[in-house]
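In case it helps, our numbering puts the sequence shown at residues 1 to 524.
Don't be surprised by glycine CBs; every beta carbon is placed ideally from N, CA and C.
Quick caveat: nothing in here was measured; it's all calculated off a predicted structure.
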Amino acid sequence: MIGMSLLLLVAAQDPLAVRPDSAPPHHDALRYQVALQLPDSGFQITVSVAIGWQVTSPDPIRLNLDTVFSVASGSLNGVPATWNREGSVVVLPHEHSTGDTITTVITYSGTPTDGLIIQDGEDGHTFFADNWPDRARKWLASQDHPNDKASVGWRIRAPLGHTVVATGSLTTVDTTDRGVSWTFDMVEPTPVHTMVVGAARLTTTRLAPATCATRCVPMSVVSYPADSAKAVDGPFGRASEMIDLFTGLFGPFPYRELRHVQSSTRFGGMENSTAIFYGAGAWRTGRLSEATVAHETAHQWFGDAVTQADWHHLWLSEGFATYGAALWAEHLLGFEGLQARMNQSAETVRASAASARPIIDPSATDLMGMLNSNNYQKGSWVLHSLRGLVGDEIFFAGIREYVRRYRHGNALSRDFASVMSSVAETDLDWYFLQALTQPGYPILQVRTRELGAEVELRITQVQDPAWGLFRIPNLEVRLDDQLVRIDLEAREVVRTFTSRGEGPAVVEVDPDGWWLFGLASNGS
Ligand SMILES: [Zn+2]
Numbered sequence: 001m002i003g004m005s006l007l008l009l010v011a012a013q014d015p016l017a018v019r020p021d022s023a024p025p026h027h028d029a030l031r032y033q034v035a036l037q038l039p040d041s042g043f044q045i046t047v048s049v050a051i052g053w054q055v056t057s058p059d060p061i062r063l064n065l066d067t068v069f070s071v072a073s074g075s076l077n078g079v080p081a082t083w084n085r086e087g088s089v090v091v092l093p094h095e096h097s098t099g100d101t102i103t104t105v106i107t108y109s110g111t112p113t114d115g116l117i118i119q120d121g122e123d124g125h126t127f128f129a130d131n132w133p134d135r136a137r138k139w140l141a142s143q144d145h146p147n148d149k150a151s152v153g154w155r156i157r158a159p160l161g162h163t164v165v166a167t168g169s170l171t172t173v174d175t176t177d178r179g180v181s182w183t184f185d186m187v188e189p190t191p192v193h194t195m196v197v198g199a200a201r202l203t204t205t206r207l208a209p210a211t212c213a214t215r216c217v218p219m220s221v222v223s224y225p226a227d228s229a230k231a232v233d234g235p236f237g238r239a240s241e242m243i244d245l246f247t248g249l250f251g252p253f254p255y256r257e258l259r260h261v262q263s264s265t266r267f268g269g270m271e272n273s274t275a276i277f278y279g280a281g282a283w284r285t286g287r288l289s290e291a292t293v294a295h296e297t298a299h300q301w302f303g304d305a306v307t308q309a310d311w312h313h314l315w316l317s318e319g320f321a322t323y324g325a326a327l328w329a330e331h332l333l334g335f336e337g338l339q340a341r342m343n344q345s346a347e348t349v350r351a352s353a354a355s356a357r358p359i360i361d362p363s364a365t366d367l368m369g370m371l372n373s374n375n376y377q378k379g380s381w382v383l384h385s386l387r388g389l390v391g392d393e394i395f396f397a398g399i400r401e402y403v404r405r406y407r408h409g410n411a412l413s414r415d416f417a418s419v420m421s422s423v424a425e426t427d428l429d430w431y432f433l434q435a436l437t438q439p440g441y442p443i444l445q446v447r448t449r450e451l452g453a454e455v456e457l458r459i460t461q462v463q464d465p466a467w468g469l470f471r472i473p474n475l476e477v478r479l480d481d482q483l484v485r486i487d488l489e490a491r492e493v494v495r496t497f498t499s500r501g502e503g504p505a506v507v508e509v510d511p512d513g514w515w516l517f518g519l520a521s522n523g524s
């Protein structure tokens, strides 16, 4: 293919395609088949994980698994295999060729210290996985990296009387004298950090299915019985309507069903594919908001179906989900509802120390630390300003094309930028480089003065020079009742306009709120 080597050379230096994650992918996990025994009492689990792989090199298979587990056996293609442990990695050598598909099985048992949260408390004996970002390995032997998605099947033995949920759809429930076995299947590839199970004395409340005009998406709420009323009159009352809205904006719902689950996650909500987990406490006390449900629902498209190939592109997940919640506000309250959410986000960004770093920050190493205002609020602003720049029609067509192209796969910021440029039929790289690789945001000093029959408008960028200069095409400025447009393409722009009488009493920059910026106090 012509130009291929040049393309590769460019890609290696492309700031929108940097991949600073330290975990290199070893082979391609295609399918996890997990057999999990949850104890009737106590905290010890027994697990068997079979993984179908496509071999990509002579390197051994390397599975992340916490050292608290003792591995009982390992096999490769059904034959007992040798394995060794290098700290929290189980290493299985193989002698297969690149392109071969092989199956490894390891069995292990132990008491997880994290990842699968097992509690004995007011809600009884409960089990909930909470994997984000790399805590699946604390209970599930896996290649625990968002860039290696796989399908997953489950066989979960749970105490009698428990309801079990898992990523995917329930296929069978078998009761034997040894307990109850639940099987689930997820055919779509999903990242390991969204492969979860939950088991407790839960009840399921069906919601109205969504998008039945095309293909019905079954919807349900799984909660402790005392908290099930919130399924209908609480934050889930319009959960199906969210799927309808987002299907129109982003394209078809990527999975076969969606459950909202009351769980033990440490997060307000965790977007596990097909089974969103929420913290039990906030749910119980009424602090779980509809905005959180909208955010997690949007993640089913962004984060789950299209997953960042590297943690440093987390805004592709969190920025999109945050904007999803803003779009829900727009759906309910109109443009003012959207503006209110975006203003809130802008205030958060302006108050945040994280703003001194770019959204794509190759120097970041702490994954939990990436849950910051850059990836959430500022990421949502990257989308909002882009929408203002290209218009609704192109913006949403670009979003749908991006989802269509990368659904059940992985993407980098480069991929999104290229899709948007192609749909907009204009090169938007300058915008994405500015929005994602420059720290900060513009701080504008706005001054006017009367010059006889004219008024002079002077806008100066006065932000920290370390943030660089920003380009804002078509910036709207309201001078009393006159709306003018300015291309801010330098540190300072000066324009004169015909004055309409007394000189402007009111100067408002960007009255519709399409850009994230700060205003400097007006010295003259
Ligand atoms: Zn999120």
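Exercise for the section: Identify every residue that forms a DSSP beta bridge with E80. Expected result: It should be noted that the sequence gives Pro, not Glu, for residue 80. Answer is S75.
Problem - A321 Cβ short of 7 Å to ligand 1 heavy atom set - result: yes
Handout entry: DSSP state of R19 mapped onto helix, strand, coil
Key = coil
Handout entry: Candidates Y441, A141, A411: closest to I359 by CA position
Key = Among Y441, A141, A411, the Cα nearest to that of I359 belongs to Y441.
Exercise for the section: Evaluate G523 with the Cβ neighbour count: other Cβ atoms within 10 Å of its Cβ, from every protein chain shown; 16 or more gives buried, anything less gives exposed. Expected result: Bear in mind that a pLDDT of 47 at G523, under 50, signals an unreliable position, so the model cannot answer this.
Practice task
Confirm the yes/no value for this check: CB of H260, any heavy atom of ligand 1, distance under 7 Å.
Solution key: no
Exercise for the section: Pick helix, strand or coil for N374, following the three-state DSSP scheme. Expected result: helix
Practice task
Can you tell me which of the three DSSP states D185 falls into?
Solution key: strand
Handout entry: Residue burial classification, T285 (beta-carbon count within 10 angstroms, cutoff 16)
Key = exposed
Handout entry: Own chain partners of H26 with C-beta closer than 8 Å, once the 5 adjacent residues on each side are dropped
Key = T56, S57, D59, P60, I61, R62, Q143
Exercise for the section: For P504, count neighbouring C-beta atoms within 10 Å of its own C-beta (all shown protein chains included) and say buried if the count is 16 or more, exposed if not. Expected result: buried
Handout entry: CB contact flag (R471, E489, <8 Å)
Key = Yes, these two residues count as a Cβ contact at 8 Å.
Problem - Continuous beta strand (DSSP E) stretch holding A291: start and end - result: No beta strand (DSSP E) contains A291, which is instead part of the alpha helix (DSSP H) from 290-299.
Problem - Neighbour-count burial assignment, P465, 16 or more Cβ in a 10 Å radius - result: exposed
Problem - Cβ-based neighbour list, D40, same chain, cut-off 6 Å, excluding 5 preceding and 5 following - result: P159
Exercise for the section: Taking only the alpha-carbon atoms, compute the straight-line gap between G74 and L30 and give it to the nearest angstrom. Expected result: Annotation: G74 to L30 spans about 18 Å, alpha carbon to alpha carbon.
Handout entry: CB of E188 within 8 Å of CB of S151, strictly
Key = yes
Problem - Residue environment, L8, which counts as buried when at least 16 other CB atoms sit within 10 Å - result: Unreliable positioning characterises L8 in this predicted model, as indicated by a pLDDT of 49, which lies under 50. The coordinate reading is nonetheless provided below. Classification of L8: exposed, given that the 10 Å Cβ count is below 16.
Problem - Among D21, F246, Q44, the one whose alpha carbon lies nearest that of S109 - result: It is Q44 whose Cα lies nearest to the Cα of S109.
Practice task
Figure out for me which residue from V349, T203, S273, D134 has the closest Cα to the Cα of A226.
Solution key: T203
Problem - P473 burial status per 10 Å Cβ neighbour count (16 or more: buried) - result: exposed
Exercise for the section: Check A505 in the structure and name its three-state DSSP category. Expected result: In the three-state reduction of the DSSP assignment, A505 falls in the coil class.
Handout entry: Own chain partners of E508 with C-beta closer than 6 Å, once the 5 adjacent residues on each side are dropped
Key = R478
Practice task
Return helix, strand or coil for H313, following the three-state DSSP convention.
Solution key: Three-state result, H313: helix.
Practice task
Identify the continuous alpha helix (DSSP H) that holds S413 and give its terminal residues.
Solution key: Judged by DSSP secondary structure, S413 falls within the alpha helix (DSSP H) whose first and last residues are 413-424.
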